[in-house]
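Numbering (my numbering), first residue to last: 53 to 378. Note that beta-carbon positions come from the ideal geometry of N, C-alpha and C, so glycine has one too. Note that the coordinates shown come from a computational prediction; the quantities given were computed from them, not determined experimentally.
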């Protein structure tokens with residue numbers, strides 16, 4: 053049986069019921085980023101809460117975070133529940149992924165992704181809050197495309213250039229664990245919603261029990277046949293901080309350079325013969341430049357891309373018009 057999560061249609065519930073307002077949700081949070089992506093990256097959604105009982109949070113794109121009482125610890129290892137702040141950033145569209153220098157790859161393999169999130173919790177005073185590893189917390193990633201029982205949860209690390217590469221699998225799919233009358237928080241509109249069983253409708257989620265916060269990604273490893281992995285190089289203008297991504301639309305996968313040497317960006321372990329779209333971005337003053345080229349991966353190929361001027365609006369539109377699963 054597919055492990056699907058039965059959840060409330062948040063928009064419908066908001067429109068039907070007058071709920072208690074949460075007045076202390078912070079909506080005006082600035083984002084960090086380098087010169088290329090400053091102002092383009094997704095902002096975190098910020099929730100202020102107390103963990104007196106089980107509580108769930110819904111992101112703007114549908115991501116679910118569920119916390120149970122006792123699952124959060126301070127730096128001394130003691131359970132905490134009062135004056136807490138959760139930050140959730142969601143990455144589902146191609147522009148969201150690319151503007152944040154995200155990939156769907158480990159150091160060895162390409163991954164098919166359904167979506168990525170960044171989760172952190174801190175105290176009101178700014179102290180880091182960790183997960184009680186005896187309990188964990190639930191994270192639900194919205195299904196992108198057809199549901200697959202092979203999707204697993206990967207953890208990621210940010211590199212020196214602010215890009216993210218994914219590491220080991222940290223969780224497999226869970227069965228349904230939500231309960232009747234869970235409390236739901238949403239940043240959109242600042243409402244607290246008590247969920248009634250009769251108001252649930254079926255939505256597809258990949259549900260995991262994670263024992264760590266940070267970068268989380270619902271993926272499955274892409275199988276390669278025979279000796280079908282290859283490498284390619286892309287020439288870069290050393291006078292600009294160019295960011296490259298290779299988008300494999302049929303695979304729901306994004307690759308970024310593993311290494312950069314002078315004017316060469318190096319991609320490793322790519323599927324030979326697979327079609328991809330190369331996106332390159334840089335900024336000169338207030339002007340954005342972009343390359344958008346279709347390629348077929350060949351081992352050892354060298355690409356010298358051509359850039360053109362684009363507006364911010366055209367930049368995002370071109371990327372999001374690259375459809376997944378073509």
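Give the range of the beta strand (DSSP E) segment to which residue i is assigned.
i: residue 149; result: Taken as a continuous stretch (DSSP letters only), residue 149 belongs to no beta strand (DSSP E), being part of the alpha helix (DSSP H) at 146 to 151.
i: residue 349; result: Looking at the DSSP string, residue 349 is not in any beta strand (DSSP E), and its letter there is neither H nor E.
i: residue 329; result: 327 to 336
i: residue 272; result: 266 to 273
i: residue 114; result: Residue 114 -> no beta strand (DSSP E), and no H or E assigned at all.
i: residue 359; result: From DSSP, residue 359 is part of no beta strand (DSSP E); its letter is neither H nor E.
i: residue 127; result: Unbroken run through residue 127: none, as it is neither H nor E.
i: residue 285; result: 281 to 287
i: residue 108; result: 107 to 110
i: residue 100; result: 97 to 101
i: residue 135; result: Counting along the chain, residue 135 falls outside any beta strand (DSSP E), and DSSP gives it neither H nor E.
i: residue 259; result: 257 to 262
i: residue 27; result: What the structure shows of the chain is the stretch from 53 to 378, and residue 27 is not part of that stretch, so it cannot be assessed.
Can you look up residue i in the DSSP assignment and give me helix, strand or coil?
i: residue 221; result: strand
i: residue 301; result: helix
i: residue 90; result: coil
i: residue 323; result: strand
i: residue 141; result: strand
i: residue 208; result: strand
i: residue 276; result: coil
i: residue 295; result: strand
i: residue 308; result: coil
i: residue 343; result: strand
i: residue 317; result: strand
i: residue 375; result: coil
Please name the residue in the options whose C-alpha comes closest to that of residue i.
i: residue 362; options: 338, 354, 348 and 152; result: 338
i: residue 220; options: 204, 187 and 177; result: 204
i: residue 405; options: 373, 131, 217 and 287; result: An answer regarding residue 405 cannot be provided, because it is not within the stretch 53 to 378 covered by the chain.
i: residue 89; options: 305, 126, 295 and 347; result: 295
i: residue 130; options: 179, 170, 165 and 166; result: 179
i: residue 366; options: 274, 375 and 340; result: 340
i: residue 114; options: 155, 168, 146 and 149; result: 168
i: residue 172; options: 145, 276 and 100; result: 100
i: residue 95; options: 136, 137 and 148; result: 148
i: residue 282; options: 315, 320 and 274; result: 320
i: residue 316; options: 192, 305, 304 and 352; result: 352
i: residue 333; options: 151, 104 and 199; result: 151
i: residue 91; options: 368, 120, 302 and 177; result: 368
i: residue 98; options: 124, 104 and 176; result: 176
i: residue 266; options: 216, 300 and 322; result: 216
i: residue 289; options: 336, 274, 123 and 223; result: 336
i: residue 111; options: 193, 268 and 184; result: 193
i: residue 323; options: 305, 331 and 310; result: 305
i: residue 359; options: 343, 307, 166 and 263; result: 343
i: residue 181; options: 308, 109, 264 and 190; result: 264
Taking the alpha helix (DSSP H) that residue i falls in, what are its first and last residues?
i: residue 364; result: 364 to 372
Evaluate residue i with the Cβ neighbour count: other Cβ atoms within 10 Å of its Cβ, from every protein chain shown; 16 or more gives buried, anything less gives exposed.
i: residue 329; result: buried
i: residue 153; result: buried
i: residue 159; result: exposed
i: residue 284; result: buried
i: residue 254; result: Note that residue 254 has pLDDT 45, beneath the 50 cutoff, so the model's placement of it is unreliable and the number below is only indicative. Its Cβ having fewer than 16 others within 10 Å, residue 254 is exposed.
i: residue 164; result: buried
i: residue 364; result: exposed
i: residue 118; result: buried
i: residue 142; result: buried
i: residue 126; result: exposed
i: residue 213; result: exposed
i: residue 201; result: exposed
i: residue 326; result: buried
i: residue 256; result: buried
i: residue 372; result: exposed
i: residue 232; result: Interpretation of residue 232 is limited by its pLDDT of 42, a score under 50 that renders its predicted location unreliable; the figure taken from the coordinates is listed afterwards. That one is exposed.
i: residue 209; result: exposed
i: residue 134; result: exposed
Complete alpha helix (DSSP H) runs within the region 155 to 205 (minimum length 4 residues, chain order)
Whole alpha helix (DSSP H) segments, 4+ residues: zero.
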